[in-house]
Structure formats: structure tokens, C-alpha cells
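I have placed the structure first, in the form of C-alpha cells, so that the comments after it can refer back to it.
Number of protein chains: 2
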Amino acid sequence: MIPFKLTEELIAEIEQLIENQKNTKLEGLLEEVHYADVAEIINELNEDDATYLIKLLDSDKTSDVLTELDDDVREAILNNLSVKEIAGELEELDTDDAADIVAELPDEIVQEVISEIEDRDHAKDIVDLLRYDENSAGGLMAKELVKVNENWNVLTCVKEMREQAENVTRVHSIYVVNDDDVLLGRLSLKDLLTTSTKTHIKDVYISKVDSVNVNEDSEEVAKIMSKYDLEAIPVVDEMGRLVGRITIDDIVDVIKEEADKDYQLAAGISQVVEADDNIWELTRARLPWLFLGLIGGVGAAAIMGGFEEMISKHAILFFFTPLIAAMAGNVGVQSSAIIVQGLANDDLKGSVSNRLIKEMLLATLNGLILAMILLLFTWWWNGDFNTALAISLSLVAVIIVAGIIGTFIPLFLDKRGIDPAIATGPFITTSNDIFGILIYFWIAKLILGI
Amino acid sequence: MIPFKLTEELIAEIEQLIENQKNTKLEGLLEEVHYADVAEIINELNEDDATYLIKLLDSDKTSDVLTELDDDVREAILNNLSVKEIAGELEELDTDDAADIVAELPDEIVQEVISEIEDRDHAKDIVDLLRYDENSAGGLMAKELVKVNENWNVLTCVKEMREQAENVTRVHSIYVVNDDDVLLGRLSLKDLLTTSTKTHIKDVYISKVDSVNVNEDSEEVAKIMSKYDLEAIPVVDEMGRLVGRITIDDIVDVIKEEADKDYQLAAGISQVVEADDNIWELTRARLPWLFLGLIGGVGAAAIMGGFEEMISKHAILFFFTPLIAAMAGNVGVQSSAIIVQGLANDDLKGSVSNRLIKEMLLATLNGLILAMILLLFTWWWNGDFNTALAISLSLVAVIIVAGIIGTFIPLFLDKRGIDPAIATGPFITTSNDIFGILIYFWIAKLILGI
Numbered sequence: 012m013i014p015f016k017l018t019e020e021l022i023a024e025i026e027q028l029i030e031n032q033k034n035t036k037l038e039g040l041l042e043e044v045h046y047a048d049v050a051e052i053i054n055e056l057n058e059d060d061a062t063y064l065i066k067l068l069d070s071d072k073t074s075d076v077l078t079e080l081d082d083d084v085r086e087a088i089l090n091n092l093s094v095k096e097i098a099g100e101l102e103e104l105d106t107d108d109a110a111d112i113v114a115e116l117p118d119e120i121v122q123e124v125i126s127e128i129e130d131r132d133h134a135k136d137i138v139d140l141l142r143y144d145e146n147s148a149g150g151l152m153a154k155e156l157v158k159v160n161e162n163w164n165v166l167t168c169v170k171e172m173r174e175q176a177e178n179v180t181r182v183h184s185i186y187v188v189n190d191d192d193v194l195l196g197r198l199s200l201k202d203l204l205t206t207s208t209k210t211h212i213k214d215v216y217i218s219k220v221d222s223v224n225v226n227e228d229s230e231e232v233a234k235i236m237s238k239y240d241l242e243a244i245p246v247v248d249e250m251g252r253l254v255g256r257i258t259i260d261d262i263v264d265v266i267k268e269e270a271d272k273d274y275q276l277a278a279g280i281s282q283v284v285e286a287d288d289n290i291w292e293l294t295r296a297r298l299p300w301l302f303l304g305l306i307g308g309v310g311a312a313a314i315m316g317g318f319e320e321m322i323s324k325h326a327i328l329f330f331f332t333p334l335i336a337a338m339a340g341n342v343g344v345q346s347s348a349i350i351v352q353g354l355a356n357d358d359l360k361g362s363v364s365n366r367l368i369k370e371m372l373l374a375t376l377n378g379l380i381l382a383m384i385l386l387l388f389t390w391w392w393n394g395d396f397n398t399a400l401a402i403s404l405s406l407v408a409v410i411i412v413a414g415i416i417g418t419f420i421p422l423f424l425d426k427r428g429i430d431p432a433i434a435t436g437p438f439i440t441t442s443n444d445i446f447g448i449l450i451y452f453w454i455a456k457l458i459l460g461i
Numbered sequence: 012m013i014p015f016k017l018t019e020e021l022i023a024e025i026e027q028l029i030e031n032q033k034n035t036k037l038e039g040l041l042e043e044v045h046y047a048d049v050a051e052i053i054n055e056l057n058e059d060d061a062t063y064l065i066k067l068l069d070s071d072k073t074s075d076v077l078t079e080l081d082d083d084v085r086e087a088i089l090n091n092l093s094v095k096e097i098a099g100e101l102e103e104l105d106t107d108d109a110a111d112i113v114a115e116l117p118d119e120i121v122q123e124v125i126s127e128i129e130d131r132d133h134a135k136d137i138v139d140l141l142r143y144d145e146n147s148a149g150g151l152m153a154k155e156l157v158k159v160n161e162n163w164n165v166l167t168c169v170k171e172m173r174e175q176a177e178n179v180t181r182v183h184s185i186y187v188v189n190d191d192d193v194l195l196g197r198l199s200l201k202d203l204l205t206t207s208t209k210t211h212i213k214d215v216y217i218s219k220v221d222s223v224n225v226n227e228d229s230e231e232v233a234k235i236m237s238k239y240d241l242e243a244i245p246v247v248d249e250m251g252r253l254v255g256r257i258t259i260d261d262i263v264d265v266i267k268e269e270a271d272k273d274y275q276l277a278a279g280i281s282q283v284v285e286a287d288d289n290i291w292e293l294t295r296a297r298l299p300w301l302f303l304g305l306i307g308g309v310g311a312a313a314i315m316g317g318f319e320e321m322i323s324k325h326a327i328l329f330f331f332t333p334l335i336a337a338m339a340g341n342v343g344v345q346s347s348a349i350i351v352q353g354l355a356n357d358d359l360k361g362s363v364s365n366r367l368i369k370e371m372l373l374a375t376l377n378g379l380i381l382a383m384i385l386l387l388f389t390w391w392w393n394g395d396f397n398t399a400l401a402i403s404l405s406l407v408a409v410i411i412v413a414g415i416i417g418t419f420i421p422l423f424l425d426k427r428g429i430d431p432a433i434a435t436g437p438f439i440t441t442s443n444d445i446f447g448i449l450i451y452f453w454i455a456k457l458i459l460g461i
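Protein sequences appear in the order of chains A and B. Just so you know, the first sequence maps onto residues 12 to 461 in our numbering. Just so you know, the second sequence maps onto residues 12 to 461 in our numbering.
Spelled out as C-alpha cells, the structure:
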């Protein structure tokens, strides 16, 4: 396939067509364009043009476009649509996507929008979904699924399924329930293709079926689905009743968002932002961590001020503080990153103390190699072996302490139920800067005997 | 579902059973355990016990277990299996997983293993897959798919599909080809459920079908599938012939690996490692970046040495170098992380110069706020307004330069075709440390007139 490429020429052409109200041309131009690509185009337009396009195009396409738009663009467009128009868009969407949009609407119009939806079952399903936390299985699931009663035979089943399948974009599994709607098992489409029509469902279904509780955390659902290679998973309530289904495409989004969040936390960005957000949003995400760094730096300066008497005889010690701070920071970030990732992927085994001992050995090994190089260099530069030794020995100590702090803090936060990802980045760097410089001057003072 | 929990008790119990060769008990214990969980158990066993279990259990389960094992564990086990046993495992696997395992085998036994596979078509498919780069669509795809000829009718189609479906774990779409095997379109299972049996395929298939070229980069395939919410995508060769199919579960792995790699690069870890890798592997991944930091630190020390004459009158300047270095590093990492993520998600629009201007404004805003706080503090601490002003003004300049470097370097690397993710972390931190300290002393010298 030739991937769609958003160009400035295309945007200019569309803006021109909108200005001249060339509706037929616009429709023709966008007819073959995938809704995800139309959303990219609309993200680039101004509010009026964006609304114009949404009103112009068919609602079976624009409804999908709406789900793919940037949050702020969608909000602006929905503001310009009438209650009836919004209801029309919701009518076309799967219940999970529709509920996501309803959740973003201003409270005062929600009821009105819902009452305008013609398909009352669809409206009811959307309202049902609204009550779940967006980070839970309930917040991810859709009501659209294909289910059959254990007492039907294959023929009835196929007939019923044809009707149900009309509303379901993708049929993964056919879920089997009893008269109380309790999930009993599943029937694969493949089995259905190869079974005689008179067989009773209760005689052919597979009773083993993975499911998640409606309150399960969405990250946990993502782990289960990706570990067991599931493309869809049924969701049950506390009584085991089948209430919805989560598909892998929603899980892909969860995985990507989670990865983006962790990456940004490691880089010292405290809320999920994008490069195209405005300066104010970016400042709010970045300034708090920088402020933390400022405090750390002031702390480091205060510590160095405390060792001021050493400056006349051993100025060189002060020249190496950025090196010590940088190494402490780097080692801390490395070791915390490995722990954070191990926790996220659930592949940390063994006890905390084993892990600390391992990190200590690793840090000692790395520290000794680096200190040896530094020793030779500073000895050559400064000519004084004792100073060179003091700096190099401190480096080893600082690296070991930094490794231990970097390993311990995320494990500790995780035990406390706090997201360990916040421990990486500026948090570790700043605390390791301060500890590192303190240890450095303390050891230097000891060795040089001042 | 109750998630499987790997406990030390379970491992001990299994080790005990293996020692006493209680085969029936072992089989019973592991019968209901998912292969992904069995793999977790085997990862914890020693080589002999692991091999024992693999030989004991049914090959329809152990083949899947093999694909889920840690690389080193799998290698050790395969070493202990005979050529015939390996062929038996490959027999049970889908072609893509089988090809991945064959690619890991020592060259000298590959031919022998292949010749022991009884299903010759399966063997041929595996060999076909071996020639593709593992990071390409060809390296991800499986040969198992359901395809029908445009000239068949629905009845023939269903009959043929039943046979083909035997070999396919999950049927997503039915691909329609012509007599030359060229991909023409698809037929959804849903459509098939609702079409009369005499209809010809050529009259009902959907001619619009997304596909990727067999040489397409796997990250690009991941982007396409997640953007367009595809659960499977057909792969075609240069002549448009259908050669395989990629499913979303493989893409989930690509997305996770990519995220892990970027995260580790940002943390200064140069190859994908896990917390449970040995100290030597971890050192190889971590030491290069630490060495880079060491060089940066030595560079910073040399710069400070060059300004030594300032130390007697303005020792306080030297106390603030860790602060300056830390701020330069933090700002650089923040801005590069946003760019790297924007590039990865394909949502950077606008020109490079616009982006640099924006980052400059943002850095100026953040810098001024932080400098104001620092000015008041250092003035209060030191009593000398000029020194405080010199430090604070330098901070603003350093933050702006750091922001620009952090924005520019990943954009530059990306243009050059180098993975911009290596620009985050130690690379940016180290270069910003040096630039930051240089700018700092230079401005201080200018203002304090020494």
C-alpha cells in the first residue's frame, strides 16, 4: 500500500475548496481517504474549516474521524455541532468509542444528546459504559459482541449470529452463555464452519475461556492479552455475567500510551504532552522537574560551600564536581530504568536484597574500570597522586551508592503502590547529584586529610 | 480469570517432581497451565530440568513454550534436543515462529532439521521465510492464511476454506487472489455468513484491501496496523503476489520492543537488556555511556581549570557548576524526548526553524522563571548582587542553548537516517554539560569583568 502522506499542498487545496464551497469536489477528494488520515487533515485546519468538513461528510465516516482527532480539536468541533448532529455521530459508533465521546461532552447536554439517539438499545449500552473508570476493563470494553445460548443448536446459532453480526465490526469469538447470561465458554468461528447444523451448542463449545473482571485495571488487561496473545477478551461482572468485550486494537493504544508516559517521566516531563501542544501546556509539564533540579543544584552548591576551606589547596576537586554529579546521575538512571522496566514487564524475580547485591557488584565493576582511567588522567594532569587517588576512589564510592539508590527507590515506590516510573529521570538524577557530591568531598577530605 | 502467579514454592515442587521422575504428576500439574506460563516456569529451572520438562510434555504444547522462552534458555534446550526432536517441535508451530527458531539454530544442523520435517509444504514455507530480514514485513509474516480464487463460488470457497482453516490458528480475513496468486481483495467472514452459496467470489469480494510489501520495515508495518486499527495485514511481493500475513499479536511485540529500546536508550543503556541478564551483559550495555559521561566530565573539569584565576575572588561560581550542568542536562533531555516521541509517532508538523523558535521561547520562559528564583536566593546567600546576576543570567542562556541543542540534534539525526532515540539520555546530557559550563563561565567573566 502507498502510505498516506499529509502535505502542506493538500491542506492548502482543501482550505481553498472549503472557502469556495466546492462540496462535490471535497467529497470526491476525501472519499477514498481513510478516516484516520482525514482526522490528520482536520487536525491541521482551523475550527471553522474543520467543522465545515465534519458537517459535509457522511456521518458513518465522520464518526470514526471524530474518535481519531486530537482532544482539543474534537472538543472545538463538538461545540459547534447541534445536539442532534452529535447524536447522529454517536449512532454510527461502537459503544466504547461513543461512550468516550459522551464522557467528554459538557454535563448539561449529555442527557439531551442521549435522548436524541434513535436506537434506544445503543443509547442504553452507551449509558451503561459511562459508569466505568476509563482506566478499567469496563472503560475499554464495547458492548458489541456475538453471544449464543448454550441451549441453541448450530442452525439457530448461525441465524441469530447473522443478526448480531450486523452490529459488530469484527467477530473474534462467539461467546456462549446460559439463561442467566453467565459466560460459560466460547465457540470459534472455525469450529462453526466445521460442525453439523443440528448439533447443540452445549455439546460443542469450549468451556475454557479467559475473561477479565469489569473492574480490572486496564494495564493489567493489556498484560494478560499480550502475554496470552489474545485478540479479544470477554469482560464479566461480579456475578460472572458477560457484559462486554475488549479487542486488541484498544490494547495497542493502552500499551503505546503507557510507553509514552514512562518515556516522558524518565525525561522529566510530568504529564503526557505532545510536541505540538502550546507553550503553556509544555511549561506546566516541564517546569516542575526543572524546579526540582534547581533545588538539587542549590543543595549541591550549599554542600560545596561547606567545604570551601579546601578550595585554596585543592581547587582541582571543585573542577571535578560536574563529573561526579554526572556519573552519579547516569548510573542512577541506568539502574532505575532497568528496574522500572522489569517491574512493568513483570519479569523481576528474586528478592530485593539479591537485586541490591547484584547492582552493587555491577556498580563496583563499572566504577573500578572508570576510576582507573580517571586516576591515570588526573595524575598526569595534576601531578599529585594523592589528589588523583582521592577523586578516583570517590568516583567508585559514588557510583556504587548511585546504583543502590537507583535500584532501591523504584522497588520501594512499587511496594508502596506508587508508579515507579516517576523514580527515573530528574528525581534520581537530582538526589544522586546531592549524595554524590557529599560523598565525594567527604572521602576527599578523609584521604587528603584536610 | 485468576492470573497465573509464579511462586518459589511451585518451582521447588516441580524441581522435586523432576528429581523423583514423577512424570504423571508433572503432566497433570502442568496440563491446565498456559504455555506462556510454562515458559515462565522453565526460565527458572536449570538446564537439565528444563530439557527434561520439554522432552516430557506434548510437543503441541512445548513448541509454543519454546517460542516464549528467554533466548539463552531456548538455546540451551535446543542444544540438548536431537535433530528429530527439534523437527517435531517445528512441525507443530506456525511458519513464522518455526522460522524464528530455525534462524537461531547452528548452521550445521539447519539442513538436517529441515529434512526431518515430515510435512514438506510446511518445511518449504519455513525455508521461504528464512531469507527475509527479521526487521522486515517478511520477517514478521506467517505463511498460514486463508485465500480463495476469484473464480470460485461461495460453496467451493467454504469447502476449500474448511481445509485451509485447519492450519490457521486465527482466521481474520479471507484473501481473494487471481490465477496468478496476485492479491485482489478480501472477503470478510461476516460477509460469508450472509451471502448465498451460489454467488461467485468475484461478485462479492471487497476490492479495497490494505497490504504491505514484503520488504517494508517492521516498525512501519506496526505504525500502519495500529493507525488503521488492522488486526491482520496481507503481505505481497514485488509482483503483487500474496506471500504471507502479519497478525496484530506480532505487532504488539514489535511495539513493546521498540518502546523498551527507546526507554533504555534514553536511560543510557545501549542494547536491550533485562534486569535478570548477567553482570557482564549489563556492563557491556551500560559502560559505554558511562565512559562518554566520564569524557564529558573531564572536559568540564578542563574548562573550569581554564577559568581558575576566578576561583580566589568568586569561589561561589564554582559551587554552582553542578546546578548549571544539571539544568542544561535536564532541559536538553526534556526537549529531545518530546522531539524523539513526535518523530516516532509521526506527529511532528511544521518546519525545523519553527520548532527551534518555539523551543527557544519555551526555554526562555522556563529559564526566566527559574533564574528569578535563583537570583533572589544567591543574592541573599552571597550578598553580592553582581555575582547573583551573573549566575542567574547564565542560567537563562544555558537553558536556551540546551533547549535548542536538545531540539536540533534529534531532528538532525533523523534527517540523516540515524535513530534519533540515541540522542536522548547521556549523549544530550554530556554535550549540554560541557556547553553549559562553558557558557556559564564565559558570561560570568563578561559580567564580573575579570
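Quick reminder that beta carbons are idealized off the backbone N, C-alpha and C, glycines included.
How far does the beta strand (DSSP E) with B/Tyr196 in it reach, from first residue to last?
Start at 1 with the first residue of the second sequence, and residue 196 of chain B comes out as number 185. Residue 196 of chain B is actually Gly in this sequence, not Tyr. First-last of the beta strand (DSSP E) with B/Gly196: 194 to 199.
Is it buried or exposed for A/Ser347, if we count other Cβ within 10 angstroms and need 16 for buried?
Numbered from 1 along the first sequence, position 336 holds the residue referred to as residue 347 of chain A. When all chains shown are included, A/Ser347 counts as buried.
Here's a check: name, in chain order, each residue in its chain whose Cβ is nearer than 6 angstroms to the Cβ of A/Ile217, leaving out the five neighbours to either side.
The residue given as residue 217 of chain A occupies position 206 in the first sequence. Only Gly196, Arg197 meet the Cβ criterion.
Using a Cβ-Cβ cutoff of less than 8 angstroms, which residues in the same chain neighbour A/His522 once the five nearest sequence positions on both sides are dropped?
Because chain A in this structure spans residues 12 to 461, residue 522 of chain A falls outside the shown range and cannot be described.
With B/Ala243 as the anchor, note down where its beta strand (DSSP E) starts and where it stops.
Position 232 of the second sequence, counted from the start, is the residue given in the question as residue 243 of chain B. That run of the beta strand (DSSP E) goes 243 to 247.
On the three-pair Cβ rule with 8 angstroms, is the segment 147 to 155 of chain A touching the segment 247 to 262 of chain A?
yes
Minimum length 3: unbroken beta strand (DSSP E) runs contained in the segment 397 to 427 of chain A:
none
Assuming A/His183 and A/Ala233 make a contact with CB atoms under 8 angstroms, what is their CB distance in whole Å?
Within the first sequence, numbered from 1, the residue matching residue 183 of chain A stands at position 172. Within the first sequence, numbered from 1, the residue matching residue 233 of chain A stands at position 222. Not quite, the Cβ-Cβ distance comes to about 17 angstroms (not below 8 angstroms), so this is no contact.
My parser needs the beta strand (DSSP E) runs of 3 or more residues fully inside the segment 198 to 223 of chain A; what are they?
none
Does the CB of B/Arg173 have a neighbour CB from chain A at under 9 angstroms?
Looking up residue 173 of chain B in the second sequence gives position 162. For B/Arg173, the answer is yes, since a Cβ of chain A falls inside 9 angstroms of its Cβ.
Per-residue burial, A/Asp107 [other beta carbons within 10 Å of its own, 16 or more giving buried]:
The residue labelled residue 107 of chain A in the question sits at position 96 within the first sequence. That one is buried.
Under 8 angstroms, with one C-beta from each stretch per pair, do the segment 31 to 48 of chain B and the segment 62 to 80 of chain B reach the 3-pair mark?
yes
For A/Ala455, does the count of other Cβ atoms within 10 angstroms reach 16, so buried, or fall short, so exposed?
Here residue 455 of chain A corresponds to residue number 444 of the first sequence, with the count starting at 1. With 16 or more Cβ atoms within 10 Å of its Cβ, A/Ala455 is classed as buried.
Measure the alpha-carbon distance for B/Gly316 versus A/Asp111 and round it to whole angstroms.
Counted from its first residue, the second sequence places residue 316 of chain B at position 305. Counted from its first residue, the first sequence places residue 111 of chain A at position 100. Taking the straight line from one Cα to the other gives about 59 angstroms.
Would DSSP call B/Lys135 helix, strand or coil?
Locating residue 135 of chain B in the second sequence gives position 124, counting from the first residue. Correct three-state label for B/Lys135: helix.
Tell me whether A/Arg173 sits in a helix, a strand or coil according to DSSP, three-state version.
Taking the first sequence and counting its residues from 1, one reaches residue 173 of chain A at position 162. In this structure, A/Arg173 counts as helix in the three-state DSSP scheme.
Who are the near neighbours of B/Thr206 in its chain, counting only those whose CB is closer than 6 angstroms to its CB and skipping five residues on each side?
One-based indexing of the second sequence puts residue 206 of chain B at position 195. Excluding sequence neighbours, B/Thr206 sits near Val165, Val215.
Give me the Cβ distance between B/Phe452 and A/Leu381, rounded to the nearest whole Å; I'm assuming they're in contact under 8 angstroms.
To locate residue 452 of chain B, count along the second sequence from 1; it is residue 441. To locate residue 381 of chain A, count along the first sequence from 1; it is residue 370. That pair is no contact at about 25 angstroms.
Do B/Leu305 and A/Ile384 come within 9 angstroms of each other at the CB atom, strictly closer than that value?
Taking the first sequence and counting its residues from 1, the one referred to as residue 384 of chain A is at position 373. Taking the second sequence and counting its residues from 1, the one referred to as residue 305 of chain B is at position 294. Yes. Within cutoff.
Taking the continuous beta strand (DSSP E) assigned at B/Tyr186, which residues delimit it?
Along the second sequence, one-based indexing puts residue 186 of chain B at 175. Looking at the DSSP string, the run of the beta strand (DSSP E) that includes B/Tyr186 is 184 to 188.
Could you check whether B/Ser222 and B/Leu203 sit closer than 9 angstroms to each other, using their CB atoms as the reference points?
Taking the first residue of the second sequence as 1, we reach residue 203 of chain B at position 192. Taking the first residue of the second sequence as 1, we reach residue 222 of chain B at position 211. Going by C-beta atoms, B/Leu203 is not nearer than 9 angstroms to B/Ser222.
Taking C-alpha atoms, which residue in B/Asp264, B/Gly307, B/Pro245, B/Lys238 lies nearest to A/Leu240?
In the first sequence, the residue the question calls residue 240 of chain A occupies position 229. In the sequence on display, residue 240 of chain A carries Asp and not Leu. Of the listed residues, the one whose Cα sits closest to A/Asp240 is B/Asp264.
DSSP three-state call for B/Leu253: helix, strand or coil?
Against the second sequence, residue 253 of chain B aligns to sequence position 242. The answer is strand: DSSP assigns B/Leu253 an E or B state.
Sub-9 angstroms separation of B/Glu249 and B/Lys213 beta-carbons:
One-based indexing of the second sequence puts residue 249 of chain B at position 238. One-based indexing of the second sequence puts residue 213 of chain B at position 202. Contact flag unset, no.
Residue closest to B/Leu373, alpha-carbon to alpha-carbon, out of B/Gln352, B/Leu354, B/Gly343:
For this step, residue 373 of chain B is matched to residue 362 along the second sequence. The shortest C-alpha separation from B/Leu373 is found at B/Gly343.
Contacts that B/Met338 makes with chain A (C-beta to C-beta distance below 9 angstroms):
Against the second sequence, residue 338 of chain B aligns to sequence position 327. What B/Met338 touches in chain A: Leu301, Gly304, Leu305, Gly308.
By the DSSP assignment, the alpha helix (DSSP H) with B/Asn160 in it spans what residues?
Along the second sequence, read from residue 1 onward, the residue named residue 160 of chain B stands at position 149. No alpha helix (DSSP H) contains B/Asn160, which is instead part of the beta strand (DSSP E) from 157 to 160.
C-alpha distance - B/Leu92 paired with B/Tyr63, whole-angstrom precision:
Along the second sequence, one-based indexing puts residue 92 of chain B at 81. Along the second sequence, one-based indexing puts residue 63 of chain B at 52. B/Leu92 and B/Tyr63: Cα-Cα distance of roughly 10 angstroms.
With a 10 Å radius around its C-beta and 16 neighbouring C-beta atoms as the bar for buried, classify A/Leu334 as buried or exposed.
Mapped onto the first sequence, residue 334 of chain A falls at position 323. Buried, by the Cβ-count rule.
Strictly under 9 angstroms for the Cβ-Cβ distance: is B/Ala109 near chain A by that measure?
By one-based count along the second sequence, residue 109 of chain B stands at place 98. So no, B/Ala109 is outside the interface.
Just verifying my parser: in three-state terms, what is the DSSP assignment at B/Asn356?
To locate residue 356 of chain B, count along the second sequence from 1; it is residue 345. It is coil, neither helix nor strand.
With DSSP run on the structure shown, which of helix, strand or coil describes B/Asn226?
Locating residue 226 of chain B in the second sequence gives position 215, counting from the first residue. Residue state, collapsed to three classes: coil.
Keeping to the same chain, check which residues put their C-beta closer than 7 angstroms to that of A/Glu123; ignore five residues upstream and five downstream.
For this step, residue 123 of chain A is matched to residue 112 along the first sequence. Result list for A/Glu123: Val94, in chain order.
Helix, strand or coil: which one does DSSP assign to B/Ser362?
On the second sequence, residue 362 of chain B is found 351 positions in, with the first residue counted as 1. Here B/Ser362 sits in coil by DSSP.
Residues near B/Val121 in its chain [Cβ-Cβ closer than 8 angstroms; skip 5 each side]:
As a first step, residue 121 of chain B must be located in the second sequence, where it is residue number 110. Here the set comprises Val113.
Identify the continuous alpha helix (DSSP H) that holds A/Phe446 and give its terminal residues.
By one-based count along the first sequence, residue 446 of chain A stands at place 435. That run of the alpha helix (DSSP H) goes 437 to 459.
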